Structures are given as C-alpha cells and as structure tokens.
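A quick write-up on the structure given underneath.
Numbering (my numbering), first residue to last: 2 to 330.
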C-alpha cells in the first residue's frame, strides 16, 4: 500500500520541486539609443523603464545615451544597439539613401520641436528677411530648405550656429535655431525677451523623436519591436501625466539636468501638443501615416535632398507596429 502511494505521489512531488526551482520567464533584452544626453524629450522611454512598462511587455530594455560626438546610426549598424532615436523621419530617409538599411517604425513627436528664436521685433517668419540667421550645418539637409522656400529667405542670411546663445543675446539683428524645450529656456534665464517660431505650426510636417531600426532587426525580432513600440507609447502617456519616475532616471543618466529645466520642457511638450496632437489624438501616440510620410518624402525630393531613384518611399517606414499599439493620449 505504501509502495503504491509513493509511486502515485512521486510525479506530484517532482512537479512541485520543478515549479519551485524553475526560474521566472526571462525578459528579452532590447537596447534603444537616444540622440542626445538624457532629457525630458526622452521622457517616455525612461518612464517605461522606471514604471516597469517594458517588463510588462516582456522586454528588459536598456536606454543608452547619445551625444554630440556619438554616431548612433553607425553604432546600430555595428550591432551595439537594436534601434535608435532619429531626430526626424526625413533624416532616416536620407540615411537609407546613403546605404543604411534603416526603417522608421514609430514617431513619438507628432510635431518637430525645431524652432527659430528671434528678438521681440520679429513677430512672424515673414519678418526674418534681412536678419542674420544662425543655423547648424545639419539644418541644410533638414528644415532650412523648407523655411527658405516657404518664406522667401536666402542662404546669404545664414551663419554657423555654435550651440551657444551668446551671439544671439549680444546682437538684436540675429535669429538662431533651437529646440522648443531647450534654448528658449536658456535665453529666458539670461534675461532676454524673445519670440519663438515653431515651424511645425506653419506647415513643416516632419516627424521627430522616432524609433528607427535596421531592416534585419525588424525581420528577425518583429515581436520585440512591436512590444517596444507599444510599451514606449504607454511610457509617453504615463510620463506626460506624471513625469517624476522618468525624471529620476533622466537625472541619474545625466546629472547636469536640473528639475527646473525638466519642468520647463515637460510643460512645453504638453502646451504645444508635441506628443499628443493631430493624428495621435485618434490613432494613438507614436502614429505614422502614409499621407504624411509621402509629404515628407516629396519635400526631400523637391528640395533635391533625396534621389527618388535610389530610395523608394515604401522602404523608409512601416506602420505595421504602431497601427496596432493604439495608445490614445
């Protein structure tokens, strides 16, 4: 009798032993590299780490910081990160033309926060005629051809922007480029009154803060990419509601970041609808649409910044992942 009982109980005991000793299901490692030092503009991704949102979706995500001397596209091509934060979708289109097989899968900024900052006498883009405009070299392959064509400005007005606000502060005839959430704050702190011209409110349709990945990653790790996109959208929704958890991680990665700067940046992201506006209000945070992608592609072709014979629009982006995320603001 005891022998029979022992035989019957053995499988149960073995199963219990296995369940107690078995490790929890491992999270899949996934790395995302940003395009600058940690800041509020990256908040949704840090929030998704801080709040365990990525883990809920089965991912163990590492956010790697970029910076001025870091070529994140090169690092992705070398396998050092799974996906990268593109400054804009048009940047990724140009990278693809340059030979990098990269595809944009989400755009978390529906409005590009790129701005021109002017002194008080400048009330509109039309008032920029005759002003000295400080722009970075990269602007010549991005927003500057659009501004120039739309408002009748000239290359002769431009001078190099050195990422220093002092030339602007010192000369009232000068206009400088900036990011809505950053340089205007520094200029305000310097005691200078200025007007900020947001291009995306005047017809500039480029997306910003994208998730862009190698074609190989999209093909071989489609489930992980889909999970990252959806979790990031949830992270952005959470961050805009209560940024404190994400901000703590941002300051850990970037100790130079101040609470005052973070608060200013978050307020501008919300006030100007950078994340939650336009198509995102109905189709979800991070959405990319075919119509808008075509607009951006056509702009590059018209400005002779992209050769359509070398890269087709359909190869530059996909809505496959973001269309199913549907995280409404």
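All C-beta atoms, glycine included, are put in the ideal place defined by N, C-alpha and C.
Being a predicted model, the structure only gives us computed values, none of them experimental.
task = Give the DSSP bridge partners of residue 159, in chain order.
result = In the chain shown, residue 159 corresponds to position 158, counting from 1. Under DSSP, residue 159 forms a beta bridge with 134.
request  = Keeping to the same chain, check which residues put their C-beta closer than 6 Å to that of residue 310; ignore five residues upstream and five downstream.
outcome  = Position 309 of the chain shown, counted from the start, is the residue given in the question as residue 310. Apart from the 5 residues on each side of it in sequence, residue 310 has no Cβ closer than 6 Å to any other Cβ in its chain.
query = By a C-beta neighbour count over all protein chains shown, 10 Å radius and 16 as the cutoff for buried, is residue 164 buried or exposed?
reply = Along the chain shown, read from residue 1 onward, the residue named residue 164 stands at position 163. The residue is exposed, with fewer than 16 neighbouring Cβ atoms inside 10 Å.
message = Applying the 10 Å Cβ sphere with the 16-neighbour rule, what's the burial state of residue 4?
response = Within the chain shown, numbered from 1, the residue matching residue 4 stands at position 3. Residue placement at residue 4 is poorly supported in this model, since its pLDDT is 35, which falls under 50; the coordinates still yield a value, given next. Exposed is the call here.
request  = From the DSSP output, read off the bridge partner residues of residue 33.
outcome  = To locate residue 33, count along the chain shown from 1; it is residue 32. According to DSSP, residue 33 bridges with 64, 84.
query = So, do the stretch 72-91 and the stretch 47-59 have three or more beta carbon pairs nearer to each other than 8 Å?
reply = Taking one beta carbon from each stretch, the stretch 72-91 and the stretch 47-59 have fewer than 3 pairs nearer than 8 Å; the two do not touch.
message = Based on DSSP bridge pairs, tell me the residues matched to residue 108.
response = For the purposes of this step, residue 108 is identified with residue 107 of the chain shown, where counting begins at 1. DSSP lists 211 as partners of residue 108.
request  = Answer with buried or exposed for residue 13, where buried requires no fewer than 16 other C-beta atoms within 10 angstroms of its C-beta.
outcome  = Within the chain shown, numbered from 1, the residue matching residue 13 stands at position 12. With a pLDDT of only 37 at residue 13, under 50, the local geometry of the prediction cannot be trusted, and the value read off the model is given with reservation. In the assembly as shown, residue 13 is an exposed residue. Its beta-carbon has fewer than 16 other beta-carbons within 10 Å.
task = Could you work out which residue in 161, 154, 132 is closest to residue 176 when comparing CA atoms only?
result = Within the chain shown, the letter at position 175 stands for residue 176. For residue 176, the closest C-alpha among the options 161, 154, 132 is that of 132.
Residue nearest to residue 331 in terms of C-alpha spacing, selected from 99, 75, 193, 114 = With the chain covering 2 to 330 only, the question about residue 331 has no answer from this structure.
task = Report yes if the C-beta distance between residue 199 and residue 148 is below 9 Å; otherwise report no.
result = In the chain shown, counting from the first residue as 1, residue 199 sits at position 198. In the chain shown, counting from the first residue as 1, residue 148 sits at position 147. 9 Å or more divides the Cβ of residue 199 from the Cβ of residue 148.
Cα-Cα separation between residue 25 and residue 232, rounded to whole angstroms = On the chain shown, residue 25 is found 24 positions in, with the first residue counted as 1. On the chain shown, residue 232 is found 231 positions in, with the first residue counted as 1. The pLDDT assigned to residue 25 is 43, lower than 50, so where the model puts this residue is not dependable, and the model offers no usable value.
query = Counting pairs of beta carbons, one from the stretch 91-104 and one from the stretch 207-225, are three or more of them closer than 8 Å?
reply = At 8 Å Cβ cutoff, the stretches touch.
task = Return the chain-ordered ranges of every beta strand (DSSP E) run that is complete within the stretch 163-238 and spans a minimum of 3 residues.
result = Runs of beta strand (DSSP E) with 3 or more residues, each lying fully within the stretch 163-238, are found at 175-180, 195-199, 209-215, listed in chain order.
Residues near residue 142 by beta carbon distance below 6 Å, same chain, minus five either side = For the purposes of this step, residue 142 is identified with residue 141 of the chain shown, where counting begins at 1. In chain order, 306 place their CB closer than 6 Å to the CB of residue 142, counting only its own chain and leaving out the 5 sequence neighbours on each side.
ask   = DSSP state of residue 249, grouped into three classes?
value = One-based indexing of the chain shown puts residue 249 at position 248. It is helical.
ask   = What's the call for residue 224, buried or exposed, on a 16-neighbour Cβ count within 10 Å?
value = If you number the chain shown from 1, residue 224 lands on position 223. Flag for residue 224 reads exposed.
task = Quick one: give me the first and last residue of the beta strand (DSSP E) that residue 115 is part of.
result = Taking the chain shown and counting its residues from 1, one reaches residue 115 at position 114. Counting along the chain, the beta strand (DSSP E) containing residue 115 begins and ends at 115-120.
task = Report all residues from its chain with a CB closer than 7 Å to the CB of residue 97; omit the five preceding and five following residues, and keep chain order.
result = To locate residue 97, count along the chain shown from 1; it is residue 96. So the qualifying residues of the chain are 103, 312, 316, 317.
message = So, at 7 Å on beta carbons, what are the nonlocal neighbours of residue 152 in its own chain, with the 5 sequence-adjacent residues on each side left out?
response = For this step, residue 152 is matched to residue 151 along the chain shown. 126, 127, 129, listed in sequence order.
query = According to DSSP, what are the bridge partners of residue 89?
reply = Position 88 of the chain shown, counting from 1, holds the residue named residue 89. Here residue 89 is bridged, per DSSP, to 209.
query = What is the DSSP secondary structure of residue 8, counted as helix, strand or coil?
reply = Position 7 of the chain shown holds residue 8. Unreliable placement is indicated for residue 8, whose pLDDT of 32 sits below 50; no coordinate value is reported for it.
ask   = Between which two residues does the alpha helix (DSSP H) harbouring residue 146 extend?
value = Looking up residue 146 in the chain shown gives position 145. Taken as a continuous stretch (DSSP letters only), the alpha helix (DSSP H) holding residue 146 covers 144-152.
Rounded straight-line distance, which links the Cα of residue 75 to that of residue 269 = Taking the first residue of the chain shown as 1, we reach residue 269 at position 268. Taking the first residue of the chain shown as 1, we reach residue 75 at position 74. Going by the C-alpha atoms only, they are around 31 Å apart.
Nearest to residue 183 (by Cα), restricted to the options 39, 33, 34, 109 = Numbered from 1 along the chain shown, position 182 holds the residue referred to as residue 183. Closest option to residue 183, judged by alpha-carbon separation, among 39, 33, 34, 109: 39.
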